[in-house]
Amino acid sequence: MESSIASILCYIAIAVTIVVCSVLAVTTRKILRAATYLLFTLFGAAAMYFQLDYEFLGAVQIAVYAGGIVVLFVFAILLTSHPGDNTARLESKKRIVGLVAAVAMLGITGWALVSRCVEAVALPAMENPEMHTIGTTLMGTGHGEYLLPFEAVSVLLLVCIIGGVVVARKR
Numbered sequence: 002m003e004s005s006i007a008s009i010l011c012y013i014a015i016a017v018t019i020v021v022c023s024v025l026a027v028t029t030r031k032i033l034r035a036a037t038y039l040l041f042t043l044f045g046a047a048a049m050y051f052q053l054d055y056e057f058l059g060a061v062q063i064a065v066y067a068g069g070i071v072v073l074f075v076f077a078i079l080l081t082s083h084p085g086d087n088t089a090r091l092e093s094k095k096r097i098v099g100l101v102a103a104v105a106m107l108g109i110t111g112w113a114l115v116s117r118c119v120e121a122v123a124l125p126a127m128e129n130p131e132m133h134t135i136g137t138t139l140m141g142t143g144h145g146e147y148l149l150p151f152e153a154v155s156v157l158l159l160v161c162i163i164g165g166v167v168v169a170r171k172r
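So for the sequence shown, our numbering puts the first residue at 2; every next one is plus one.
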C-alpha cells in the first residue's frame, strides 16, 4: 500500500514538473531558457519511462533527446541569434489562434486518452519486449519496422544543421 502511494506521489511530481517546464518553455521570451526548460521536460519524460520500468526507453530519451537534440538546439541558437535578446511579443490575433489550437489539441488528446483507457480494460497485459526485438523493429526494413522513418529524421536533422550554418554565415 505504501509503495503504491509513493508511486502515485512520484508520478504526480513528475507530471507537474513536465507540465510546468513545458509551459515555461513556450512562454519564456529568452530562447536559451526555453531550451533549458525543454531539457527539463525531456528529463521528466525519461523519469516517467523509468517509473514505468522501461529502462531502455528512459536511457534513449536521455541520450538522444535530452543529450543530442537539446545540444543541437542550443548549438543552432548560438549560431543564429543573440542569446540575450528577447523575442517580440505575439500579436493578439496570433494569441487567439494559438489558444484555439491549444484547446483543440487538449480536447483531441483527452478524447484519445479516454477512449484508449476504455479499450485498455479489455486488453491483456503487455510484457516488456527483449532488446533484440526492439533493435530488430527499429532497424528493420520489413513491414512494421522503422528504419526508413529513422533515416528520414536523421536526414531532416542534418538539413536543419546545414540550414543553421548557412543562415549564420549570411550574417
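Think of the CB as a built atom: it goes at the ideal place given N, C-alpha and C, for glycine as much as any other residue.
Measure the alpha-carbon distance for Ser155 versus Leu43 and round it to whole angstroms.
Going from the Cα of Ser155 to the Cα of Leu43 covers about 19 Å.
Taking Cβ positions, are Gln62 and Ala48 nearer each other than 7 Å?
No, the pair does not count as a contact, with Cβ atoms beyond the cut-off.
With Arg34 as the anchor, note down where its alpha helix (DSSP H) starts and where it stops.
Looking at the DSSP string, the run of the alpha helix (DSSP H) that includes Arg34 is 32-52.
Leaving out the 5 sequence neighbours to the left and right, which residues in its chain are closer than 7 Å to Phe51 when beta-carbon positions are compared?
Closer than 7 Å at Cβ, skipping near neighbours: Gly59.
Does the segment 17-28 touch the segment 65-77, meaning 3 or more C-beta pairs lie closer than 8 Å?
Output reads no: the segment 17-28 does not touch the segment 65-77.
Quick test of your reading: Val71 and Ala113, contact by CB under 8 Å. State the CB separation rounded to the nearest angstrom.
Contact flag wrong, Cβ pair sits at about 27 Å.
Given 6 Å as the limit, tell me if Ile109 has its C-beta closer than that to any heavy atom belonging to the ligand COA.
The ligand content of the structure shown is nil, which means the ligand COA is not present either.
In chain order, what residues of the same chain lie with their CB nearer than 6 Å to the CB of Thr142, ignoring the 5 residues before and after it?
Cβ neighbours of Thr142 beyond the five flanking positions: Leu148.
Taking the beta carbon of Ala77 as the centre, do at least 16 other beta carbons fall within 10 Å, making it buried, or is it exposed?
Buried.
Are the beta-carbon atoms belonging to Glu128 and Thr138 less than 7 Å from one another?
No, these two residues do not count as a Cβ contact at 7 Å.
Please name the residue in Val166, Ile135, Leu157 whose C-alpha comes closest to that of Tyr55.
Comparing Cα positions, the closest option is Ile135.
Express the C-alpha separation of Lys95 and Ser4 in angstroms, rounding to a whole number.
About 46 Å.
Helix, strand or coil: which one does DSSP assign to Thr110?
Of the three classes helix, strand and coil, the one that applies to Thr110 here is helix, per DSSP.
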